[in-house]
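Residue numbering for the sequence shown is 0 to 215, as defined by numbering that gives the first Met the number 0. One structure below.
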Amino acid sequence: MSTNTSLPFIVIEGNIGAGKTTLATMLSEDLHGRLILERFAENPFLPKFYEEPQRWAFPLELSFLADRYKQLKEELLQPSLFDQYIISDYYFMKSLIFSKETLAQDEFNLYKQLFEIIYHSIPKPNLFVYLHAPIEKILNQIKLRGRTYEQEISEKYLQHIHENYLEFIETQKHIPVLIINTENLDFVSNNKDYIEIKKSIFEFLNQNGIHKIFFY
Numbered sequence: 000m001s002t003n004t005s006l007p008f009i010v011i012e013g014n015i016g017a018g019k020t021t022l023a024t025m026l027s028e029d030l031h032g033r034l035i036l037e038r039f040a041e042n043p044f045l046p047k048f049y050e051e052p053q054r055w056a057f058p059l060e061l062s063f064l065a066d067r068y069k070q071l072k073e074e075l076l077q078p079s080l081f082d083q084y085i086i087s088d089y090y091f092m093k094s095l096i097f098s099k100e101t102l103a104q105d106e107f108n109l110y111k112q113l114f115e116i117i118y119h120s121i122p123k124p125n126l127f128v129y130l131h132a133p134i135e136k137i138l139n140q141i142k143l144r145g146r147t148y149e150q151e152i153s154e155k156y157l158q159h160i161h162e163n164y165l166e167f168i169e170t171q172k173h174i175p176v177l178i179i180n181t182e183n184l185d186f187v188s189n190n191k192d193y194i195e196i197k198k199s200i201f202e203f204l205n206q207n208g209i210h211k212i213f214f215y
């Protein structure tokens with residue numbers, strides 16, 4: 000499988016509740032892009048995992064791994080006469096970032112072996128955008144969107160997920176990364192904030208290295 004897509008591939012990533020799906024959807028509509036959204040709502044293990052994490056973590060992560068691979072393989076290499084961009088609200092590496100936090104060490108070691116077999120066949124993005132926000136803001140946004148099974152997520156868990164993302168970002172030498180601090184942004188209600196984010200994305204598209212943007 001090719002590691003390149005026929006269209007510019009932009010990933011919007013971030014912690015739980017960071018606004019990934021919202022921003023990816025806005026960009027796809029604005030830029031006439033093909034939108035790839037993670038199909039987490041269809042995963043039957045997710046509510047069970049939040050009730051009994053130790054029991055359901057491994058089947059949950061395996062099901063996510065399989066579905067993400069299948070979806071990205073189908074969507075990223077699908078030709079199109081009309082789309083100008085491919086915009087996704089997740090990247091395949093997300094599987095490793097979350098499983099590192101949820102799985103026991105022996106389970107994670109096995110999971111990582113499976114992950115590495117297929118990871119290098121997934122096309123790499125032209126830009127990996129990470130939406131960074133304080134944990135307090137993340138918790139508030141989780142509360143506002145009202146998914147019952149997310150309401151007990153702890154501050155500690157969210158902090159660990161954030162640290163896992165940063166650890167991944169620091170190792171990326173061949174994927175352009177843009178970290179956007181969204182602490183003082185409201186790109187949903189404030190169009191000026193959205194325009195600034197979009198401008199930054201175009202500025203750093205295909206620009207190797209780790210770039211950080213702070214808005215005050």
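Where a beta carbon is used, it is the ideal one built from N, C-alpha and C, also for glycine. Since we're looking at a predicted model, the values are computed, not measured.
message: If you follow the beta strand (DSSP E) that F127 is in, where does it begin and where does it stop?
response: F127 -> beta strand (DSSP E) spans 126–131.
- prompt: Would you call the stretch 68–77 and the stretch 16–25 in contact, with 3 or more CB pairs under 8 Å?
  reply: Touching, no.
query: Starting from E154 and walking both ways along the alpha helix (DSSP H), at which residues does that stretch end?
result: From DSSP, the alpha helix (DSSP H) with E154 extends over 154–169.
Contact with chain B by K47, beta-carbon distance below 8 Å: Going by chain labels, chain B is absent from the structure shown, which holds only one protein chain.
- request: Kindly indicate the opening and closing residues of the alpha helix (DSSP H) around R67.
  value: Start and end: 52–75.
field: Beta carbon of F201 nearer than 8 Å to that of L177
entry: For F201 and L177, no; Cβs fall outside 8 Å.
query: Name the DSSP bridge partner or partners of K217?
result: The chain is shown from 0 up to 215; residue 217 falls before or after that span and cannot be answered.
Paired residues, beta bridge with V10 - DSSP: The partner list for V10 (beta bridge, DSSP) reads S87, F127.
field: Opposing strand residues paired with L138 [DSSP bridges]
entry: When DSSP reads this structure, L138 sits in no beta bridge, so it has no partner.
message: Can you give me the C-alpha to C-alpha distance between N62 and S98, rounded to a whole angstrom?
response: Per the sequence shown, the amino acid found at residue 62 is Ser instead of Asn. Between S62 and S98, the C-alpha separation is close to 11 Å.
message: Please report the distance separating the alpha-carbon of I116 from that of Y68.
response: Going by the C-alpha atoms only, they are around 11 Å apart.
message: I'd like to know whether the C-beta atoms of Y164 and L45 end up nearer to each other than 8 Å.
response: One thing to note: Y164 has its Cβ no nearer than 8 Å to the Cβ of L45.
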